[in-house]
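Numbering (my numbering), first residue to last: -7 to 338.
Cβ coordinates follow ideal geometry from the N, Cα and C atoms, glycine included.
Here the structure is a predicted model, which is why all the values come from computation and not from measurement.
Notes follow once the structure below has been shown.
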DNA sequence: GACACGTGGGG
DNA sequence: TCCCCAAGTGT
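Quick look at the structure:
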C-alpha cells in the first residue's frame, strides 16, 4: 500500500466523529475550517455549534450585524476571522447569488480564505484534488520523508505543497486530506508521537534516524513586546460607564473601556495628569482607585499586556452613555471579559 | 519576507 | 514557570 492508501485506511478506522464530518454543505465546511485555523478542535467545537444555530444559512450570516458575529466569536481569538467570515458571507450573497463558489480558484477569492482553506473546501466539498498543507501535514511529511527545509520558509512552503500535491489521492482528495491531518493530530503528534502503533513505522525516515524531535524544522522566534494598558472603568453620577470600539490593531472592532497606553507602568499621580485622562472629565472631583487584581500579564502570542484597571467615580455624566447591562451585549476581548467577571463578583 | 493577529492546553 | 503550539491569512 502506498502512503495515501495506508493513511486513508488508518483514518477510516480511527477518525473522530466531528459534526462537520457529517455534512458536505460547503457553508458548514467553510465555517469549520475558519474556526479551526490555529485553533484546537476542543476549543472550536462550541463555537461551531453556536454559529450553525444562530446562522443556519449563508444568508442568515450575511444579514447579521457585525457586532452580533463578533459577540459569538468572543473568546476564540484572531477576530479578523469573524470579520472576514461575515464579509465573505455578504460577498457570496451579493456576488454569487447565495451559491457557495465551487472551485479552488473561486473559493480562494473569499477574504480570510488562503491556500489551506481553499484546498480543504475544494477537496472535501467538490472533489477537487488540491492538497492541504497545514501544521499537521508539515509535521507528517517532514518526519516521514526526512525533509529538513524549514516549514516557515518560502522554499519550505513551496516544497511541502508540491510534495503534498504529488501524494494526494485524486480519486478521493477530500478523504485523503482529512486523513493526513487527522493522522498528524492523533498519531504523529508534535510531542510523544505514537510511533509504536503507527501504521507507517516501518518506513518512516525520522523514526529510523531517531530525528522525530528535530522535525519539522522551524526558523525564527518572534520577540515578545511588553505593553502597558490603563483602563478607566468609569462610574458616572448616574452609574453609567463608557466603552469604546477599538479602531486599529489588536481586537479591531471589539469594545473596551477608555484606554491610556503607556511605554512603562504608571501610578495614580501619573495617570491623573495624563492628557487623555483629563480630556474625559470636566469635574475635578474624582475618586480614582486601582482595582486590585493579579499582576499576571495577558499573554498573546506576540505581546504581553500588563493591565491596570482604574475605577474612576465622577460627578460627570456627559459622554458616559453605557449602562452596565448594555455592555454585556458588546463583543469584548478576553482581557475585558475576565475583568468584568471578577469585578462583578466583588 | 517579516510581522501582526488571541486564546488556552500540555509537557 | 515557561515555552510550544493549534485544521493560517493579510499586509
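* Contact between the segment 278 to 290 and the segment 200 to 213 (3+ Cβ pairs under 8 Å) -> no
* Unbroken stretches of the beta strand (DSSP E), 3 residues or longer, contained in the segment 278 to 311 -> 278 to 282, 295 to 306
* Asked: How long is the line joining the alpha carbons of residue 99 and residue 22, rounded to whole angstroms?
  -> Translated into positions along the first chain, residue 99 becomes position 107. Translated into positions along the first chain, residue 22 becomes position 30. Taking the straight line joining both Cα atoms gives about 10 Å.
* **Inter-stretch contact at 8 Å, needing at least 3 Cβ pairs: the segment 303 to 317 / the segment 58 to 78** => No, the segment 303 to 317 is not in contact with the segment 58 to 78.
* Give me the Cα-Cα distance between residue 196 and residue 149, rounded to the nearest whole angstrom. => Here residue 196 refers to the residue found at position 204 when the first chain is read from its first residue. Here residue 149 refers to the residue found at position 157 when the first chain is read from its first residue. Each residue's alpha carbon lies about 21 Å from the other.
* Asked: Under the three-state reduction of DSSP, which class applies to residue 71: helix, strand or coil?
  -> For the purposes of this step, residue 71 is identified with residue 79 of the first chain, where counting begins at 1. In the structure shown, residue 71 sits in coil (DSSP, three-state: anything other than H, G, I, E or B).
* In terms of residues, what are the limits of the beta strand (DSSP E) holding residue 135? -> Your numbering for residue 135 matches position 143 in the first chain. Unbroken run through residue 135 is the alpha helix (DSSP H), 127 to 137; no beta strand (DSSP E).
* So, helix, strand or coil for residue 252, using DSSP? -> On the first chain, residue 252 is found 260 positions in, with the first residue counted as 1. Correct three-state label for residue 252: strand.
* **C-beta contact flag for residue 109 and residue 115 at 8 Å** => For the purposes of this step, residue 109 is taken as the residue at position 117 of the first chain. For the purposes of this step, residue 115 is taken as the residue at position 123 of the first chain. Cβ distance not < 8 Å, so residue 109 and residue 115 don't count as in contact.
* To do: Assess, as a yes-or-no matter, whether the segment 249 to 265 is touched by the segment 217 to 230 under the definition of 3 or more beta carbon pairs within less than 8 Å.
  => The segment 217 to 230 vs the segment 249 to 265: in contact.
* Please confirm whether residue 72 and residue 104 have their CB atoms less than 8 Å apart. => Reading the first chain from its first residue, position 80 is the one you call residue 72. Reading the first chain from its first residue, position 112 is the one you call residue 104. Yes, the pair counts as a contact, with Cβ atoms nearer than the cut-off.
* Asked: Could you give the distance in angstroms between the alpha-carbon of residue 44 and the alpha-carbon of residue 75?
  -> In the first chain, the residue the question calls residue 44 occupies position 52. In the first chain, the residue the question calls residue 75 occupies position 83. Approximately 16 Å between the Cα atoms of the pair.
* residue 231 versus residue 324: straight-line alpha-carbon distance, rounded -> By one-based count along the first chain, residue 231 stands at place 239. By one-based count along the first chain, residue 324 stands at place 332. In a straight line, the C-alpha of residue 231 is about 20 Å away from that of residue 324.
* Asked: Leaving out five residues before and five after residue 96 in sequence, what residues of the same chain have Cβ atoms less than 6 Å from its Cβ?
  -> In the first chain, residue 96 corresponds to position 104, counting from 1. These residues qualify, in order along the chain: 110, 114, 120, 122.
* **Contacts around residue 309, its chain only, beta-carbon distance under 8 Å, and the 5 residues preceding and following it disregarded** => As a working mapping, residue 309 is identified with position 317 in the first chain. Excluding positions up to five away in sequence, the list reads 228, 229, 230, 232.
* To do: Please determine, among 85, 214, 260, the residue with the shortest C-alpha to C-alpha distance to residue 293.
  => If you number the first chain from 1, residue 293 lands on position 301. Ranking 85, 214, 260 by Cα distance to residue 293 puts 214 first.
* Opening and closing residue of the beta strand (DSSP E) in which residue 227 lies -> Counting from 1 along the first chain, the entry for residue 227 is found at position 235. From DSSP, the beta strand (DSSP E) with residue 227 extends over 217 to 227.
* Cβ-based neighbour list, residue 125, same chain, cut-off 6 Å, excluding 5 preceding and 5 following -> For the purposes of this step, residue 125 is taken as residue 133 along the first chain, with counting starting at 1. Correct list, in chain order: 152, 153, 156.
* Asked: By how many angstroms is the C-alpha of residue 303 removed from the C-alpha of residue 278?
  -> Here residue 278 refers to the residue found at position 286 when the first chain is read from its first residue. Here residue 303 refers to the residue found at position 311 when the first chain is read from its first residue. If you take the alpha carbons of residue 278 and residue 303, they lie about 10 Å apart.
* Does the separation of the CB atoms of residue 4 and residue 39 fall below 8 Å? -> To locate residue 4, count along the first chain from 1; it is residue 12. To locate residue 39, count along the first chain from 1; it is residue 47. For residue 4 and residue 39, no; Cβs fall outside 8 Å.
* **First and last residue of the uninterrupted alpha helix (DSSP H) at residue 0** => Sequence index remark: in the first chain, residue 0 carries index 8 (1-based). Segment -5 to 6, the alpha helix (DSSP H) holding residue 0.
* To do: Would you mind reading off the limits of the alpha helix (DSSP H) that contains residue 97?
  => Here residue 97 refers to the residue found at position 105 when the first chain is read from its first residue. In the DSSP annotation of this structure, the continuous segment of the alpha helix (DSSP H) that includes residue 97 starts and ends at 96 to 99.
* To do: Report yes if the CB atom of residue 331 is closer than 8 Å to the CB atom of residue 220, and no otherwise.
  => Taking the first residue of the first chain as 1, we reach residue 331 at position 339. Taking the first residue of the first chain as 1, we reach residue 220 at position 228. Cβ distance not < 8 Å, so residue 331 and residue 220 don't count as in contact.
* Grouping DSSP H, G and I as helix and E and B as strand, with all else coil, what is residue 237? -> Here the question's residue 237 lines up with position 245 in the first chain. Looking at residue 237 - three-state DSSP - the assignment turns out to be strand.
* Looking only at its own chain, which residues have a Cβ that is under 7 Å from the Cβ of residue 192, when we skip the five neighbours before and after it? -> As a first step, residue 192 must be located in the first chain, where it is residue number 200. Excluding residues within five positions, the ones whose Cβ falls inside 7 Å are -2, 136.
* Would you grab the beta carbon distance between residue 218 and residue 254 for me? Rounded to a whole angstrom, and I think it's under 8 Å. => Here the question's residue 218 lines up with position 226 in the first chain. Here the question's residue 254 lines up with position 262 in the first chain. Actually they do not touch by this definition, with Cβ atoms about 11 Å apart.
* Exposed or buried, which one is residue 25 when buried takes at least 16 other CB atoms within 10 Å? -> The residue labelled residue 25 in the question sits at position 33 within the first chain. Classification for residue 25: buried.
* Going straight from the alpha carbon of residue 234 to that of residue 47, what length do you get? -> Mapped onto the first chain, residue 234 falls at position 242. Mapped onto the first chain, residue 47 falls at position 55. If you take the alpha carbons of residue 234 and residue 47, they lie about 30 Å apart.
* From residue 288 to residue 237, what distance separates their C-alpha atoms? -> Stepping through the first chain from its first residue, residue 288 is reached at position 296. Stepping through the first chain from its first residue, residue 237 is reached at position 245. Rounded to whole angstroms, the gap between the alpha carbons of residue 288 and residue 237 is 25 Å.
* **When 311, 336, 17 are compared against residue 93, the one with the closest alpha-carbon** => Taking the first chain and counting its residues from 1, the one referred to as residue 93 is at position 101. Here the closest residue by C-alpha is 17.
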